[in-house]
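A.B. asks: The working numbering numbers the first residue of the sequence shown as 4 and each following residue consecutively.
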Amino acid sequence: MGKIQFYGAISLDGFLATEDDRLDWLTGLSGLPADIGQDVLRHMASAILGRVTYDTIAADVTEGLTLNPFNAQMPAYVLTHQSRPDHGPIHFTQEPVVDLAQRLQARGNVWIIGGRQVLMPLLAANLVNDLYLQVAPTLLGHGKRLFGELAKPQAFELQAVHQYGPLAEMVYHRQN
Numbered sequence: 004m005g006k007i008q009f010y011g012a013i014s015l016d017g018f019l020a021t022e023d024d025r026l027d028w029l030t031g032l033s034g035l036p037a038d039i040g041q042d043v044l045r046h047m048a049s050a051i052l053g054r055v056t057y058d059t060i061a062a063d064v065t066e067g068l069t070l071n072p073f074n075a076q077m078p079a080y081v082l083t084h085q086s087r088p089d090h091g092p093i094h095f096t097q098e099p100v101v102d103l104a105q106r107l108q109a110r111g112n113v114w115i116i117g118g119r120q121v122l123m124p125l126l127a128a129n130l131v132n133d134l135y136l137q138v139a140p141t142l143l144g145h146g147k148r149l150f151g152e153l154a155k156p157q158a159f160e161l162q163a164v165h166q167y168g169p170l171a172e173m174v175y176h177r178q179n
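1. Determine the direct distance from the alpha carbon of residue 49 to that of residue 98, and round the result to whole angstroms.
2. List the endpoints of the continuous beta strand (DSSP E) containing residue 115.
3. Check whether the region 4 to 12 touches the region 114 to 130, taking contact to mean three or more Cβ pairs, one atom from each stretch, closer than 8 Å.
4. Note down, in chain order, each residue of its chain lying with its Cβ closer than 7 Å to the Cβ of residue 127, except the 5 sequence neighbours on either side.
5. Enumerated in chain order, which unbroken segments of the beta strand (DSSP E) with a length of 3 residues or greater are wholly contained in the region 72 to 145?
6. Roughly how many angstroms separate the alpha carbons of residue 78 and residue 162, rounded to a whole number?
7. If residue 100 and residue 121 are in contact, beta carbons under 8 Å, what's the gap, nearest whole angstrom?
8. Measuring alpha carbon to alpha carbon, tell me which residue in 142, 25, 176 is nearest residue 134.
9. Using the Cβ count rule (16 or more neighbours within 10 Å means buried), how would you classify residue 137?
10. Output needed for residue 41: all residues of its chain with C-beta closer than 6 Å, excluding positions within five of it in sequence on either side, in chain order.
11. Thinking C-alpha only, which one of 159, 139, 91, 102 is nearest residue 179?
12. Note down the Cα distance separating residue 169 from residue 33, rounded to an integer number of angstroms.
13. Just verifying my parser: in three-state terms, what is the DSSP assignment at residue 64?
14. Please report the distance separating the alpha-carbon of residue 81 from that of residue 150.
15. With a threshold of 7 Å on Cβ separation, who are the neighbours of residue 125 within its own chain once the five nearest residues in sequence on each side are excluded?
16. Restricting to Cα atoms, I'd like to know which of 165, 39, 118 is closest to residue 21.
17. To the nearest angstrom, report how far apart residue 146 and residue 38 are at their CA atoms.
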């Protein structure tokens with residue numbers, strides 16, 4: 004049985020993206036190592052992301068979208084109510100995120116990409132094992148937050164802190 008792991012970056016003030024879903028505040032940072040995330044992402048068996056996150060990432064790609072450069076054939080499941088054809092390892096689905104994550108977890112580690120619509124139901128169901136949070140040295144002031152409200156608090160334990168160029172990464176493991 005794999006783990007369900009969020010791996011992603013936020014601004015210093017806790018935003019995942021700007022109000023219009025831009026990530027240039029992150030992608031424009033200089034000094035990021037080329038192999039950032041390799042140790043974690045190469046162990047991912049699948050990924051789940053929302054349609055807005057997928058569309059934002061896909062808009063910046065000119066040819067052959069690869070979500071995981073360390074496992075290019077990793078299947079990714081995009082949550083959407085739109086009817087879209089699958090292409091390559093990218094699958095579009097209306098399956099509820101909790102059901103999908105539990106099904107994929109049986110096959111190995113599941114990478115949660117993107118925001119609140121994907122992450123919060125999994126946190127509420129107590130399914131997220133690890134949070135890999137990279138904090139960028141940028142204050143956005145407003146935008147789309149990573150975390151939303153939960154019915155009850157959840158405790159995570161700090162496992163490690165790393166520096167990757169301008170990013171500070173904190174690794175948290177859920178306490179049982």
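Glycine included, C-beta positions come from ideal geometry on N, C-alpha and C.
C.D. replies: So, from the listed chains and residues:
1. A straight-line Cα-Cα distance of about 15 Å links residue 98 and residue 49.
2. Judged by DSSP secondary structure, residue 115 falls within the beta strand (DSSP E) whose first and last residues are 112 to 115.
3. Three or more Cβ pairs drawn from the region 4 to 12 and the region 114 to 130 lie within less than 8 Å of each other, which places the two stretches in contact.
4. The beta carbon of residue 127 sits closer than 7 Å to the beta carbons of 153, 154 from its chain, once the five residues preceding and following it are set aside; these are given in chain order.
5. Runs of the beta strand (DSSP E) lying entirely within the region 72 to 145 and spanning at least 3 residues, in chain order: 79 to 82, 93 to 96, 112 to 115, 133 to 138.
6. Rounded to whole angstroms, the gap between the alpha carbons of residue 78 and residue 162 is 28 Å.
7. The C-beta distance from residue 100 to residue 121 rounds to 6 Å, short enough to meet the 8 Å contact threshold.
8. Taking only the C-alpha atoms, the option nearest residue 134 is 176.
9. When all chains shown are included, residue 137 counts as buried.
10. Taken in chain order, the residues that qualify are 73.
11. Nearest of 159, 139, 91, 102 to residue 179, Cα basis: 159.
12. Between the C-alpha atoms of residue 169 and residue 33 there is a straight-line separation of about 8 Å.
13. Residue state for residue 64 is assigned as coil, using DSSP reduced to three classes.
14. Cα-Cα distance, rounded: 19 Å.
15. Hits under 7 Å: 7, 100, 101, 104, 115, 131.
16. Residue 21 has its Cα closest to that of 118, out of 165, 39, 118.
17. Answer to the nearest angstrom: the Cα atoms are 28 Å apart.
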